[in-house]
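Chain order of the listed sequences is D and U.
Residue numbering for the first sequence follows my numbering, beginning at 20 and increasing consecutively.
Residue numbering for the second sequence follows my numbering, beginning at 16 and increasing consecutively.
Glycine is no exception: its CB is placed at the ideal position from the N, C-alpha and C atoms.
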Amino acid sequence: MTSITAPLVRALACAACSAVALAAPATAEDLTIGVASEATSIDPHFHNLGPNNQLSFMIYDRLANPDDRQNFKPGLAVSWQPVNDTTWEFKLREGVTFHDGSPFTADDVICTFERAPNVPNSPAGFGTYIKGKTFEKIDDFTVHVKTEAPYPLMVNDLGNVAIISDEKGCSGTTQDFNDGVASVGTGPFKFVEYVPGDRIVLAANADYWGGAPIWETVTLKPIKAGPSRVAALLAGDVDLISGVPTTDIATLKARDDVTLSQGVSNRVIYLHIDQFRENSPFVKANGGGDIENPLMDQRVRKAISKAISRELIRDRVMEGLSIPAGQLLPEGFFGVSENLQPEPYDPEGAKALLAAAGVPDGFELTIHGPNDRYLNDAKIVEAIAQMLNRIGIKAQVETMPRSVYFSRASSGADGLPEFSLILVGWGAGSGEASSPLRALIASYDKDKGMGTANRGRYSNPEVDAVIEEALSEVDDEKRADLLARATEMAIEDLAIIPIHYQVNTWASKKGLSYIPRTDEYTLAQGVVKD
Amino acid sequence: MSVFILRRMLQSVFVMVAMAVIVFFGIHFVGDPVYMFVSPDMDQADIEQVTRALGLDRPIWEQFWAFVTSALQGDLGQSFVFGEPALGLILERMPATLELAFAALFLAVVLGLPLGLYAGLYPDSGVSKTIMAGSILGFSLPTFWVGIMMIMVFAVILGWLPSTGRGETVDVLGVELSFFTLDGLSHLALPALNLALLKISLVIRLTRAGTREAMLQDYIKFARAKGLSRSRIVGVHLLKNILIPVVTVLGLEFGSLVAFSVVTETIFAWPGMGKLLIESIQQLDRPVIVAYLMMIVVVFVVINLLVDIVYSVLDPRVRLGDRGN
Numbered sequence: 020m021t022s023i024t025a026p027l028v029r030a031l032a033c034a035a036c037s038a039v040a041l042a043a044p045a046t047a048e049d050l051t052i053g054v055a056s057e058a059t060s061i062d063p064h065f066h067n068l069g070p071n072n073q074l075s076f077m078i079y080d081r082l083a084n085p086d087d088r089q090n091f092k093p094g095l096a097v098s099w100q101p102v103n104d105t106t107w108e109f110k111l112r113e114g115v116t117f118h119d120g121s122p123f124t125a126d127d128v129i130c131t132f133e134r135a136p137n138v139p140n141s142p143a144g145f146g147t148y149i150k151g152k153t154f155e156k157i158d159d160f161t162v163h164v165k166t167e168a169p170y171p172l173m174v175n176d177l178g179n180v181a182i183i184s185d186e187k188g189c190s191g192t193t194q195d196f197n198d199g200v201a202s203v204g205t206g207p208f209k210f211v212e213y214v215p216g217d218r219i220v221l222a223a224n225a226d227y228w229g230g231a232p233i234w235e236t237v238t239l240k241p242i243k244a245g246p247s248r249v250a251a252l253l254a255g256d257v258d259l260i261s262g263v264p265t266t267d268i269a270t271l272k273a274r275d276d277v278t279l280s281q282g283v284s285n286r287v288i289y290l291h292i293d294q295f296r297e298n299s300p301f302v303k304a305n306g307g308g309d310i311e312n313p314l315m316d317q318r319v320r321k322a323i324s325k326a327i328s329r330e331l332i333r334d335r336v337m338e339g340l341s342i343p344a345g346q347l348l349p350e351g352f353f354g355v356s357e358n359l360q361p362e363p364y365d366p367e368g369a370k371a372l373l374a375a376a377g378v379p380d381g382f383e384l385t386i387h388g389p390n391d392r393y394l395n396d397a398k399i400v401e402a403i404a405q406m407l408n409r410i411g412i413k414a415q416v417e418t419m420p421r422s423v424y425f426s427r428a429s430s431g432a433d434g435l436p437e438f439s440l441i442l443v444g445w446g447a448g449s450g451e452a453s454s455p456l457r458a459l460i461a462s463y464d465k466d467k468g469m470g471t472a473n474r475g476r477y478s479n480p481e482v483d484a485v486i487e488e489a490l491s492e493v494d495d496e497k498r499a500d501l502l503a504r505a506t507e508m509a510i511e512d513l514a515i516i517p518i519h520y521q522v523n524t525w526a527s528k529k530g531l532s533y534i535p536r537t538d539e540y541t542l543a544q545g546v547v548k549d
Numbered sequence: 016m017s018v019f020i021l022r023r024m025l026q027s028v029f030v031m032v033a034m035a036v037i038v039f040f041g042i043h044f045v046g047d048p049v050y051m052f053v054s055p056d057m058d059q060a061d062i063e064q065v066t067r068a069l070g071l072d073r074p075i076w077e078q079f080w081a082f083v084t085s086a087l088q089g090d091l092g093q094s095f096v097f098g099e100p101a102l103g104l105i106l107e108r109m110p111a112t113l114e115l116a117f118a119a120l121f122l123a124v125v126l127g128l129p130l131g132l133y134a135g136l137y138p139d140s141g142v143s144k145t146i147m148a149g150s151i152l153g154f155s156l157p158t159f160w161v162g163i164m165m166i167m168v169f170a171v172i173l174g175w176l177p178s179t180g181r182g183e184t185v186d187v188l189g190v191e192l193s194f195f196t197l198d199g200l201s202h203l204a205l206p207a208l209n210l211a212l213l214k215i216s217l218v219i220r221l222t223r224a225g226t227r228e229a230m231l232q233d234y235i236k237f238a239r240a241k242g243l244s245r246s247r248i249v250g251v252h253l254l255k256n257i258l259i260p261v262v263t264v265l266g267l268e269f270g271s272l273v274a275f276s277v278v279t280e281t282i283f284a285w286p287g288m289g290k291l292l293i294e295s296i297q298q299l300d301r302p303v304i305v306a307y308l309m310m311i312v313v314v315f316v317v318i319n320l321l322v323d324i325v326y327s328v329l330d331p332r333v334r335l336g337d338r339g340n
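What follows is the structure, given as structure tokens:
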């Protein structure tokens, strides 16, 4: 639906652009944001889900708060450091009060980490970040966290969990949070009202330790349909929207009453390749017969990578809104390699590689992808298929809604990934390279919790060894080197084929802009007046 | 009539059982909802724990049995996504959808009836031809396109009405309604008109056809011969007779307004049940989907009964006919 209506909005919006000025909001201090997806609960520990976390970043603090580049900055902890191999010490911020006036102390931290993994009816909570850790209150403003083995990602883990109040929150049910009784945080905004499906209202916390916010009240309105979100902005019903459809960007750019804010995300869009089956279900010989899986051959994978023009995808499919990718995270993130570049477009080289691999005439292949998950996902898959056809691989395309796609891509009828070549995306929640390395690149190992999203079942013991070493290296510099090395080994081996990093777009009425975040969240504290 | 209704209710029970089986097993084959909920950071052990917690590790027939036994006690299951009773979530959003549907129905009647009557009484006039041409447009333009156009024209270009959302509501006997505030009405106008467009066209066409047919009937001629005024002929004799098909169709159409106002609610970000349904389908929130569809079956059954009753009031022959059975 989006793709049909968007050009229409573009045409109409442009017809209107000279004639119309945006309607003025009630007062300068009120902010209304049109968000693409809605939180399912006010309880910050109910569901570890983007929209819910986005909301909880406004009401609550973490021990360490990730900034717009996902670097962890002192939040409710002013400092943290390992006191020995298996113990981290967090010094807490003094003089902070919750929205109800009660003081913040170590008790709130302890009870938060007790509650977070144990919320009844939670579809997927925060246990992942807390398991294997024991918490100990040393004094009112010192907490020790112990693990069995050295654990460098302590801050990244705990920086994901919202700290709630011992008096109100820790004994509260999810319903208490939704009703506003228990939703008491230390963050820049106080919870006011939640009308499911319609709006969430927040008010400024004038006593915020990080400085009072500039917005008196903030209203979040869920508007799922992209064209409707754009229209709501143009009509002046909202001041800022997230997730601007790429098809509308050129039009909005041309208007002088709209400001666009754009920034790279932590999300890499890539191809996962079946490289563990002798007979891959969606790879056939020319004419449809069976063939020994050519994707097992590193040269064939390299040929596919060379056949893809990432610049063309950026310019034609993404309306300029992507950055060609050569590894797992864009530059500037912790643990990325400085030696890796996006694979240059080289169809002749690709054909030569296919010939060298013994499939000079190519083969038949079906590429699978979602059609409602990533920016322009289905169109990217189609573009890639055409590019593969150019080097002789007869590629078909099949896209499907994510509700069907991900379960089939993860475990088909026999419990194994069902497809041969798939388009997927990965956002590094921890803000550094170990997140994609352990989930996408490490060998699938259920017991160790590695390779959870390794849908191509790539497996290389040498890479695994480097990843595991990095995961227990507490020294930041050494860890960054290890992560970069593991990334280089994996990319050279074509464990995955990176396509691009997504660039996200926010649009606001003139006079406002948004500080883009790599984690794609839309936060009221990131909306600034020009 | 009671025998008639009793028989209808028995049929409805069979319909609901069949529906439960189809919906429950059908949704099971769409995909594994666990992958929709888990955070990418979770490892396999966490994912399995979620699967167990949601009861998705059990065989499908066991899940179905659990669903049926609790459904018989009035519990249609818990939403995976919200962690709240599925039926409660739906009922919470129902007033918004009902309000939208009633507003659309109201528009269909107050606009459709007079326009249809006019077109039927003066079939050769230019105005009538315009009305009929307009009704064809109402039928053939896709709802979402019209919705987007309405937003562009009335909200973006003219700036008269708000583009999305529900606006200010007033608590009436525990139900939030936007009928009673100006802000609420202004938010209601566009989505209601959008939803009503097709129904207006429908009413126009039915009314016109009925009018043209009835005007040739003997009882109209007789009434004229008796010297009754034209307004009495049209207002009483004619209207009463042509209303029967209109009421029947609108009754059924009201069900579809309530059940599947999905498109309009999505475009206008109207916080109703349709929006909940479409989001539940996207997220594979199975209990909500199942509860929703089960509830819709009940709604249709009830509406059909009500239509039958109204029918028999308008036309006594229906009552007499049933007594003969």
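- Query: Counting Cβ pairs closer than 8 angstroms, one from the stretch 142-153 of chain D and one from the stretch 164-184 of chain D, do we hit at least three?
  - Reply: yes
- Query: Mind listing which residues of the stretch 95-119 of chain U have their C-beta closer than 7 angstroms to chain B's C-betas, in chain order?
  - Reply: Within the model displayed, chain B is absent; protein chains D and U are what it includes.
- Query: Do we get a CB-CB distance below 7 angstroms when we pair residue 50 (chain U) with the residues of chain D?
  - Reply: Yes, because at least one Cβ of chain D sits closer than 7 angstroms to the Cβ of residue 50 (chain U).
- Task: Report the rounded CA-to-CA distance for residue 127 (chain U) versus residue 110 (chain U), giving the unit in angstroms.
- Result: Approximately 25 angstroms, taken between the alpha carbons.
- Item | Coil, strand or helix - residue 181 (chain D) by DSSP | coil
- Message: Counting only beta-carbon separations shorter than 7 angstroms, does residue 88 (chain U) have a partner in chain D?
- Response: By the rule that beta-carbons nearer than 7 angstroms mark a contact, residue 88 (chain U) does not touch chain D.
- Query: Below 8 angstroms, can you find three or more Cβ-Cβ pairs linking the stretch 356-376 of chain D to the stretch 384-393 of chain D?
  - Reply: Contact between the stretch 356-376 of chain D and the stretch 384-393 of chain D is absent: fewer than 3 CB-CB pairs across the two stretches fall below 8 angstroms.
- Task: Thinking residue 413 (chain D) and residue 305 (chain D) are a contact (beta carbons under 8 angstroms), I'd like their distance in whole angstroms, please.
- Result: A Cβ-Cβ distance of about 7 angstroms is found for the pair residue 413 (chain D) and residue 305 (chain D), placing them in contact under the 8 angstroms criterion.
- Taking a Cβ distance cut-off of 9 angstroms, strictly less, list which residues of the stretch 207-225 of chain D are near chain U, in chain order. 214, 215, 216, 217, 218
- Message: With three or more C-beta pairs closer than 8 angstroms as the rule, is the stretch 524-532 of chain D touching the stretch 245-262 of chain D?
- Response: Because the criterion of three Cβ pairs below 8 angstroms is met, the stretch 245-262 of chain D and the stretch 524-532 of chain D touch.
- Item | Cutoff 7 angstroms: residue 299 (chain U) Cβ touching any chain D Cβ | Contact with chain D is found for residue 299 (chain U), since one of that chain's Cβ atoms lies less than 7 angstroms from the residue's Cβ.
- Interface residues of chain U around residue 242 (chain D) at Cβ under 7 angstroms? The answer, in chain order, is 179, 284.
- Smallest Cα separation from residue 40 (chain U): which of U:26, U:21, U:29, U:82? U:82
- Item | Residues of the stretch 26-50 of chain U whose Cβ lies closer than 7 angstroms to any Cβ of chain D, in chain order | 45, 46, 47, 50
- Message: Please report whether the beta-carbon of residue 266 (chain D) lies at a distance below 7 angstroms from any beta-carbon of chain U.
- Response: no
- Item | With 16 other Cβ atoms within 10 Å as the buried cut-off, status of residue 486 (chain D) | buried
- Item | Opening and closing residue of the beta strand (DSSP E) in which residue 100 (chain D) lies | Note, residue 100 (chain D): beta strand (DSSP E), 96-103.
- Message: Is there a Cβ of chain U sitting closer than 7 angstroms to that of residue 354 (chain D), yes or no?
- Response: no
- Decide if residue 208 (chain U) is buried, meaning its Cβ has at least 16 other Cβ atoms within 10 Å, or exposed. buried
- Item | 8 angstroms Cβ cut-off: residues of chain U touching residue 9 (chain D) | A question about residue 9 (chain D) goes unanswered here, because the residues of chain D that appear run from 20 up to 549.
- Measure the CB-CB distance between residue 283 (chain D) and residue 520 (chain D) and report whether it falls below 7 angstroms. yes
- Message: So with CB distances below 7 angstroms, who are the chain D contacts of residue 281 (chain U)?
- Response: 243, 244
- Task: Taking the CB atoms as reference points, tell me whether residue 94 (chain U) and residue 86 (chain U) lie closer together than 7 angstroms.
- Result: no
- Item | Assigned secondary structure, residue 38 (chain U) (DSSP; H/G/I helix, E/B strand, else coil) | For residue 38 (chain U), the secondary structure class from DSSP, reduced to helix, strand or coil, is helix.
- CA-to-CA distance, residue 87 (chain D) to residue 542 (chain D), given in whole angstroms: 10 angstroms
- Quick one: residues in its chain with C-beta nearer than 7 angstroms to the C-beta of residue 153 (chain U), no 5 flanking neighbours on either side, listed in chain order? Excluding positions up to five away in sequence, the list reads 212, 213, 215, 216.
- Coarse secondary structure for residue 405 (chain D), derived from DSSP in three states: helix
- Classify residue 297 (chain D) as helix, strand or coil using the three-state DSSP reduction. coil
- Straight-line Cα distance separating residue 106 (chain D) from residue 470 (chain D): 27 angstroms
- Task: Quick one: residues in its chain with C-beta nearer than 7 angstroms to the C-beta of residue 333 (chain D), no 5 flanking neighbours on either side, listed in chain order?
- Result: Here the set comprises 339, 341, 343, 519.
- For residue 167 (chain D), three-class secondary structure by DSSP: For residue 167 (chain D), the three-state secondary structure derived from DSSP is coil.
- chain D contacts from the stretch 68-84 of chain U (Cβ-Cβ distance under 9 angstroms): Closer than 9 angstroms at the C-beta level to chain D, one finds these residues of the stretch 68-84 of chain U: 68, 69.
- Item | Limits of the unbroken beta strand (DSSP E) element including residue 213 (chain D) | 208-214
- Message: Pull the bridge partners of residue 525 (chain D) from the DSSP assignment, please.
- Response: D:280
- Message: Quick check: the Cα distance between residue 133 (chain U) and residue 148 (chain U), rounded to an integer number of angstroms?
- Response: Straight-line Cα distance between these residues: approximately 14 angstroms.
- Can you tell me where the alpha helix (DSSP H) with residue 230 (chain U) in it begins and where it stops? 197-230 is the extent of the alpha helix (DSSP H) around residue 230 (chain U).
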